[in-house]
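Using the numbering used here, you'd call the opening residue of the sequence shown number 5 and step up by one each time.
Contents: one structure, followed by commentary.
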Amino acid sequence: MNFDTSCLHAGYRPGNGEPRNIPIIQSTTFRYETSGDMGKLFDLEAEGYFYTRLQNPTSDAVAARLCALEGGSAAMLLSSGQAANFFAVFNIASAGDHVVASSAIYGGTYNLFAVTMRRMGIAFTFVDPDCSEEELSAAFRPETKALFGETIANPALTVLDIEKFARAAHAHGVPLIVDNTFATPALCRPFEWGADIVTHSTTKYLDGHAAAVGGAIVDSGRFDWTAHKDKFPGLTAPDESYHGVTYTQRFGLGGAYITKAVVQLMRDFGATPAPMNAWLLGMGMETLPLRMAKHCANAQAIAEWLQRHEKVAWVRYAGLRGDKYYDLAQKYLPRGCCGVVSFGVKGGRAAAERFMAGLGLASIATHVADAKTCVLHPASATHRQMNDAELAAAGVSPDLVRLSVGIEDLDDLIADLSQALDRV
Ligand code: PLP
């Protein structure tokens, strides 16, 4: 099936007389005839469901759909994007290990890595994603277990040179993990450029309607854990908490990483999506290609319009000729650069606040990346506690407005932006 067809049909094929839509299996537990049948599930000797904390048929169908869209070998859903990035790294790194990450990543992920996971004994080195291959290589240590970056970074809107990052990761015998939230597989499939594992905050475009918080991890199945046995004992040596199973032996390269994350981390941390939320995600993905095309077209037109506006100081959108990331976007994002645009209003913080107050159609929200246009002024919201000097250090100028362009009619959106800029 081609991509657009997979969005509708991958992961679930109803049998004769069965529901046309993915059924919502709203059940915590599953019944068996004998204890022996259930024992086989606990020993990972048979496939099946026993408790929704680990696996649920609705979630699995939706995970399989996303797996097909990314071109992976296995996938799992989680309760949030935060849980996805935590599991993706913690599945292969533990106390005493080290991870290299791009510094241009979502603030919540930065905090998870730099504060919370550091408290768990995992060290992180953050690198400028635009650094040279030599600088990137110099960040690795013998105990490094992964390299991490975002395809289109939130909120910096930098575009990751995935091939450069993949080369560096593989030269050091570790996988490249890419958070593909803003691009979605409709705009970029990181496995095609050498990434090994993809994560998502499905809360954004994949769901697309701001209906459910969720996350996902997809494995390409291409990283050879057994070629670096000593680095990844969790995958290549027996797991005592599962009767000595060795994941790479039992599930092969295609299944080892996700199986371990499900049976070990999901078992122990329980960051499970509700079946209803998984279903909403599956429904959202059906229209992903249509929505992403409209998001991109609207955002491109608005970025160009803003660039010509006399009250706008600057615009950042990788689809604009002359943007620092234009060339990388042409390579990795030929179908568009998503719906998120950032720009500065002439007159600084006060002007940005006046502009925001004047908007009628676009909602002021901390959310990004869904069907309805929303807008955020970080200096007076998420970064409110910082003074202008601190904002500059964080790369957030006082005039910065982050606009998440939705799929409304373009003329209506421009009319709203235009009247709000007139009031500044
Ligand atoms: N990754 C990226 C790129 C994000 O933008 C976000 C949230 O904004 C997350 C991860 C965290 O996802 P969630 O809010 O679903 O936990």
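Ideal Cβ positions, reconstructed from N, Cα and C, are used throughout, including at glycine.
Best match in LYS44, VAL66, TYR53 for proximity to ALA14 [C-alpha to C-alpha]: Of the candidates LYS44, VAL66, TYR53, the one whose C-alpha sits nearest the C-alpha of ALA14 is VAL66.
Helix, strand or coil at THR33 according to DSSP, with G and I counted as helix: In this structure, THR33 counts as strand in the three-state DSSP scheme.
Closest Cα partner of ASP211 within the set GLY85, PRO237, ALA143, ALA275: Closest by alpha carbon: GLY85.
Inter-residue Cα distance where the pair is MET121 and ALA127: Separation of MET121 and ALA127 (C-alpha to C-alpha, rounded to the nearest whole angstrom) is 8 Å.
Within-9 Å CB hit, ARG353 to chain D: This model lacks chain D altogether, as it is built from one protein chain only.
Whole-angstrom C-beta distance between GLY343 and CYS300, which should lie under 8 Å: Taking a contact as a CB-CB distance under 8 Å, the pair CYS300 and GLY343 counts as one, their CB atoms being some 7 Å apart.
DSSP three-state assignment for ALA14, whether helix, strand or coil: ALA14 carries a coil assignment under DSSP once its states are collapsed to helix, strand and coil.
Beta-carbon gap between PHE7 and LEU73 smaller than 9 Å: Contact flag set, yes.
For THR207 and VAL372, the rounded distance between their alpha carbons: In a straight line, the C-alpha of VAL372 is about 9 Å away from that of THR207.
Residues bridged to GLU154 (per DSSP): Per DSSP, the beta bridge partners of GLU154 are ASP183.
N- and C-terminal bounds of the beta strand (DSSP E) containing LEU82: Here the beta strand (DSSP E) through LEU82 covers 78 to 82.
Contact under 9 Å by Cβ, SER224 with PHE195: For SER224 and PHE195, yes; Cβs fall inside 9 Å.
CB of ALA356 within 9 Å of CB of VAL405, strictly: Contact: yes.
Whether SER83 touches GLY218 by CB criterion (9 Å): In this structure, SER83 sits near GLY218, with a CB-CB distance shorter than 9 Å.
Near the ligand PLP: ASP132 beta-carbon under 8 Å from a heavy atom: Checking the 8 Å criterion, the Cβ of ASP132 is out of range of every heavy atom belonging to the ligand PLP.
Backbone secondary structure at SER422 - three-state DSSP: It is helical.
Proximity test, THR188 beta-carbon vs the ligand PLP heavy atom, cut-off 8 Å: Checking every heavy atom of the ligand PLP against the Cβ of THR188, none is found closer than 8 Å.
Alpha carbon of GLU22 to alpha carbon of ILE28, nearest angstrom: Going from the Cα of GLU22 to the Cα of ILE28 covers about 13 Å.
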